[in-house]
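Below is one structure, written out as structure tokens, with a few remarks after it.
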Amino acid sequence: MPVSWTLLIVLAMAAAGFAIGRSRVLAAAGGDSRRLHSRTSYYGWNIALFTAVPALFLIAIWLFAQPQANRWVLGAAALVLAAMGLFWTLGRTTPQFRARIAVEGFVRGLLIMCSMIAILTTAGIVFSMLFETGHFFRQYPWQEFFFGTTWSPRFGGGSQLGILPLLWGTLYISFIALAVSIPIGLFAAIYMSEYASPRLRGIAKPLIEVLAGIPTIVYGLFALVTVGPALRDYFAQPLGLGSSGSSVMTAGLVMGIMLIPFVSSLSDDIINAVPQSLRDGALGLGSTKSETVRNVVLPAALPGIVGAILLAASRAIGETMIVVLGAGAAARMDLNPFEAMTTITVKIVSQLTGDTDFAAPETLVAFALGLTLFVITLGLNVVALYVVRKYREQYE
Amino acid sequence: MTDATLSAAPAAAPKPRASLLIADERTRKRNAAESRFRAYGLSAIGIALIALVVLLSSVLTDGIGAFRQTYLTLPVALDSARLDKNGNRDPEDIKKATTLTYGKLLDQAVQNTVAQQGIAIAGLTEKDVSDLVSKEASAQLRNRVIANPELIGQTVDARVLVNGRVDGYYKGRVSMDSAARDSNTSPAQLQLADALKDKGLLATQWNWSFLTNPDASDQRPEAAGVGVAILGSLYMMLVVLVLAVPIGVAASIYLEEFAPKNRLTDIIEVNISNLAAVPSIVFGILGLAAFINFAGLPQSAPIVGGLVLTLMTLPTIIIATRAALKAVPPSIRDAALGVGASKMQSVFHHVLPLAMPGILTGTIIGLAQALGETAPLLLIGMVAFVKNFPAAPPEGLFDPASALPVQVYNWTQRADPAFFERASGAIIVLLVFLLCMNILAIFLRRKFERRW
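Spelled out as structure tokens, the structure:
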């Protein structure tokens, strides 16, 4: 019996239960719905919910835990559960039964379960990575992972899996990305909130936000096809700095463009939240607009802007597709921005795609890298949210 | 002693200030600083907009070629002695003829056509002539014959793909110079193509099959399309829609309307805001560990991709829905409670319908975000080469499929530069979908938004 048939039968049973319960309770009340505790449809809903929901849960959980389960056993179990729910609630359906309260309690329980999924997800992320990272550290010493300066995985064994070159690449690329996006984003935000006419603002702001809606794979292809070769031909090779299309500079520049709308819209909100009275005071004392911005508005908005920058940094560190396509795959620690380097995310992708052996440290290292990445970005986010929240309270 | 006298002291004879209308040195400096500052701001906006324009135009100019394809029209004699040895037109027998056989027929047809048209080009080898036609063309011809066995024995006009290099020649990717250095084509072959074009047999036309074809192998970029990827993306969006929207809305209703202010609620809220900022690749690791390794769901299946994207979009949907619920004024709730509705009734009958436009907009934006996501899908094996279309849902959700952004990544990893054009073309398709979704969201917001 295919799953879709089971689903259909369960739903049909619920619908039938709804109709039967409704008509039966109405008949018991002599056709006068005022004699019932709840409105008639609640009696129907009570039966339908108790019939369908537990059976659907059973199917979902069973399929998740054992996808190859015998469909007949599964279907039979689900139908039995649905029938039990149906007959139990049918038996309870009398005019005195508080159907609305039962239904509302049930729905409330469902709502709570749905909101628990966020916790479940976080727990899932943490435990799945902790579990596999534990496996990894049993096979590979943690000192060499955290302090090793060589990354050369060999599937034959004897690989060196030091995170430092990857961390260096990640931080270098993020640094360039922030060096591009912070000035541009911040100046754009200042201009739009302090100087721009409503018309310019109305055109420029949505256009800049289009940049935020473009998927990162598009930026990645842009880096690979356009920016990388251009940087190589016009800067790196004439200057004798390298001959690689994919480089720290390529990935950093493109990631910087991606982060512009992120920085500018966050800073825009924060600058707008600075009270007008501060500006009026400064202008009244004879300062020019730019002096007001530099000496009054920006210092007042600074904590919020720092929060925005931290959020942007966490974005940059966790970004994957741009660095996969733009930064290269060579793990090295170098200062030359026109060399190809690699990042934590690139190595997670390369260790986990293709043929993988989940007993080998070369595959399991991806989970340790993922956990490191998760901890770094989580730390940045927590600090950033704290700073932003604390600052917001200041002027409210 | 004021600052003014201090700074003016060393001057020999302090000139009396002429007029307020003439700016002095310091004012001019300050004004210059002011206009510099404005210029910085304007140029920042300018750089951002230029970046947007360059980004979009580079993708568009690279990708537009994928929507045009060069075809050769030629008569092919479908020799019944080769295709149907028993002569009974039995479909099973016809299927025994492999693409190799059809390839030979096509070779013959091209040679004949060249001879008939009287095209003579110096240095043209037999291989050049037969390689003019794509390797995929024989498979297409075979499918056509299997679908329609009466064609055997006739001479049919076939419109076949030409190989990727010749196609690239008409799109400006391949030149005579590069062809001379290329082992897959030769200048003579390109001259032959030009000659055929002059005769009207070879033409570059609009290419619908880019949207409907599945992926093709490394040697045949001319046949590659995004059909399977579009279908895979569609399946994943279905899963996200079915799971993320009800769960997200239910969670936000609980948190916004019912949740007591206690520790558990705080934990949930902190969790949601943190999940929204977790790098997407971490969700891919979760998907790999939980759905594939632990639960044993198949790799490359849209169901796994959909589940991962659901977990990823949930925070976006929850945040948008909560904002929409918060925007409904408390007077609505109070009025409902005042006439005797229960709390649940006030929420489901009054607040939720009023918040619906906001929820819809947030949902569409969350879906758009999920549609463009690549990194987590790479880890759950969506990057595999998939040539078969998945079956209809729900069973098809467990078949291997690709997804649009992953297909783009896949093509960037191929050696033949013709695949870069395909990748950019796939991005155009992706951007068109995103554009439609965003326009729909803006339209919904404009049409239904209420200001209280």
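If you're matching them up, the sequences are chains X and B in order. Residue numbering for the first sequence follows the numbering used here, beginning at 680 and increasing consecutively. Residue numbering for the second sequence follows the numbering used here, beginning at 625 and increasing consecutively. From the three backbone atoms N, C-alpha and C, an ideal C-beta is built for every residue, glycine too. Computed from a prediction, not measured in an experiment: that's the story for all the values here.
For residue i versus residue j, is the C-beta distance shorter than 8 Å?
{"i": "residue 776 of chain B", "j": "residue 696 of chain B", "result": "no"}
{"i": "residue 1062 of chain B", "j": "residue 1037 of chain X", "result": "no"}
{"i": "residue 842 of chain X", "j": "residue 825 of chain X", "result": "yes"}
{"i": "residue 790 of chain X", "j": "residue 1050 of chain X", "result": "no"}
{"i": "residue 919 of chain B", "j": "residue 746 of chain X", "result": "yes"}
{"i": "residue 780 of chain B", "j": "residue 809 of chain B", "result": "no"}
{"i": "residue 1026 of chain B", "j": "residue 783 of chain X", "result": "no"}
{"i": "residue 895 of chain X", "j": "residue 682 of chain B", "result": "no"}
{"i": "residue 927 of chain B", "j": "residue 869 of chain B", "result": "no"}
{"i": "residue 863 of chain X", "j": "residue 939 of chain X", "result": "yes"}
{"i": "residue 986 of chain B", "j": "residue 944 of chain B", "result": "yes"}
{"i": "residue 939 of chain B", "j": "residue 896 of chain B", "result": "yes"}
{"i": "residue 989 of chain X", "j": "residue 886 of chain X", "result": "no"}
{"i": "residue 797 of chain X", "j": "residue 875 of chain B", "result": "yes"}
{"i": "residue 989 of chain B", "j": "residue 1065 of chain B", "result": "yes"}
At least one CB of chain B closer than 8 Å to the CB of residue i: is that the case?
{"i": "residue 1041 of chain X", "result": "no"}
{"i": "residue 789 of chain X", "result": "yes"}
{"i": "residue 888 of chain X", "result": "no"}
{"i": "residue 897 of chain X", "result": "yes"}
{"i": "residue 982 of chain X", "result": "no"}
{"i": "residue 930 of chain X", "result": "no"}
{"i": "residue 883 of chain X", "result": "yes"}
Is any beta-carbon of chain X found at less than 8 Å from that of residue i?
{"i": "residue 1073 of chain B", "result": "no"}
{"i": "residue 627 of chain B", "result": "The pLDDT assigned to residue 627 of chain B is 48, lower than 50, so where the model puts this residue is not dependable, and the model offers no usable value."}
{"i": "residue 760 of chain B", "result": "no"}
{"i": "residue 871 of chain B", "result": "yes"}
{"i": "residue 679 of chain B", "result": "yes"}
{"i": "residue 791 of chain B", "result": "no"}
{"i": "residue 643 of chain B", "result": "no"}
{"i": "residue 975 of chain B", "result": "no"}
{"i": "residue 926 of chain B", "result": "no"}
{"i": "residue 1036 of chain B", "result": "yes"}
{"i": "residue 630 of chain B", "result": "Bear in mind that the predicted position of residue 630 of chain B carries a pLDDT of just 48, short of 50, making it too unreliable to give a figure here."}
{"i": "residue 956 of chain B", "result": "no"}
{"i": "residue 1023 of chain B", "result": "no"}
{"i": "residue 802 of chain B", "result": "no"}
Excluding the 5 residues preceding and the 5 following residue i in the sequence, name in chain order all residues of the same chain whose CB lies nearer than 7 Å to its CB.
{"i": "residue 840 of chain B", "result": "760, 847, 848"}
{"i": "residue 1002 of chain X", "result": "852, 930, 1022, 1024, 1025"}
{"i": "residue 860 of chain B", "result": "926, 929, 930, 933, 1027"}
Looking only at its own chain, which residues have a Cβ that is under 8 Å from the Cβ of residue i, when we skip the five neighbours before and after it?
{"i": "residue 773 of chain X", "result": "704, 707"}
{"i": "residue 1003 of chain B", "result": "905, 908, 909, 911, 912"}
{"i": "residue 893 of chain B", "result": "879"}
At 9 Å on the CB atoms, spell out the chain X contacts of residue i, in chain order.
{"i": "residue 1044 of chain B", "result": "900, 903, 904"}
{"i": "residue 658 of chain B", "result": "967, 968, 969, 970"}
{"i": "residue 917 of chain B", "result": "807, 811, 1037"}
{"i": "residue 695 of chain B", "result": "Ordered by position in chain X, no residue passes the 9 Å Cβ test against residue 695 of chain B, which lies about 26 Å from the chain."}
{"i": "residue 996 of chain B", "result": "892, 893, 894, 895, 896, 897"}
Can you pull the chain B residues whose beta carbon is under 9 Å from the beta carbon of residue i, in chain order?
{"i": "residue 783 of chain X", "result": "966, 967, 968, 969"}
{"i": "residue 733 of chain X", "result": "Correct list: empty, because the minimum Cβ distance to chain B is about 17 Å."}
{"i": "residue 913 of chain X", "result": "Per Cβ cutoff of 9 Å: no residues; residue 913 of chain X is ~14 Å from chain B at best."}
Along chain X, which residues have their Cβ under 8 Å away from the Cβ of residue i?
{"i": "residue 682 of chain B", "result": "901, 904, 905"}
{"i": "residue 707 of chain B", "result": "In chain order: nothing, as chain X lies at least about 39 Å away."}
Using a Cβ-Cβ cut-off of 6 Å (strictly less than) and excluding sequence neighbours within five positions of residue i, which residues of its own chain qualify?
{"i": "residue 851 of chain B", "result": "836, 837, 838"}
{"i": "residue 643 of chain B", "result": "none"}
{"i": "residue 960 of chain B", "result": "970, 974"}
{"i": "residue 829 of chain X", "result": "839, 841"}
Identify the contact partners of residue i in chain B, using a Cβ-Cβ distance below 7 Å as the criterion.
{"i": "residue 743 of chain X", "result": "919"}
{"i": "residue 866 of chain X", "result": "664, 665, 668"}
{"i": "residue 689 of chain X", "result": "Those within 7 Å of residue 689 of chain X in chain B number zero; the least Cβ separation is about 14 Å."}
What does residue i touch in chain B if you count any residue whose Cβ is under 8 Å from its own?
{"i": "residue 921 of chain X", "result": "Residues of chain B passing the Cβ test: none, with the nearest at roughly 21 Å."}
Using a Cβ-Cβ cut-off of less than 9 Å, give me the residues of the region 987–1007 of chain X that come near chain B, in sequence order. 990, 993, 994, 996, 997, 998, 999, 1000, 1003, 1004
The region 1030–1064 of chain X: which residues have C-beta closer than 8 Å to a C-beta of chain B, in chain order? Near chain B, meaning a CB-to-CB distance below 8 Å, the residues of the region 1030–1064 of chain X are 1031, 1032, 1037, 1045, 1046, 1049, 1052, 1053, 1056, 1057, 1060, 1061, 1064.
Compile a chain-ordered list of the residues in the region 851–866 of chain B whose CB is closer than 8 Å to at least one CB of chain X. none
Short of 7 Å Cβ to Cβ, which residues in the region 828–841 of chain X face chain B? Cβ contacts with chain B come from no residue of the region 828–841 of chain X.
So if I threshold CB-CB distances at 8 Å, which residues from the region 763–779 of chain X count as touching chain B? 779
Looking at chain X, which residues of the region 881–907 of chain B have a Cβ within less than 8 Å of any of its Cβ atoms? 882, 883, 891, 892, 895, 896, 897, 898, 899, 901, 902, 903, 904, 905, 906, 907
May I ask you to list, following chain order, the residues of the region 1052–1064 of chain B that have a beta carbon less than 8 Å from some beta carbon of chain X? 1054, 1055, 1058, 1062
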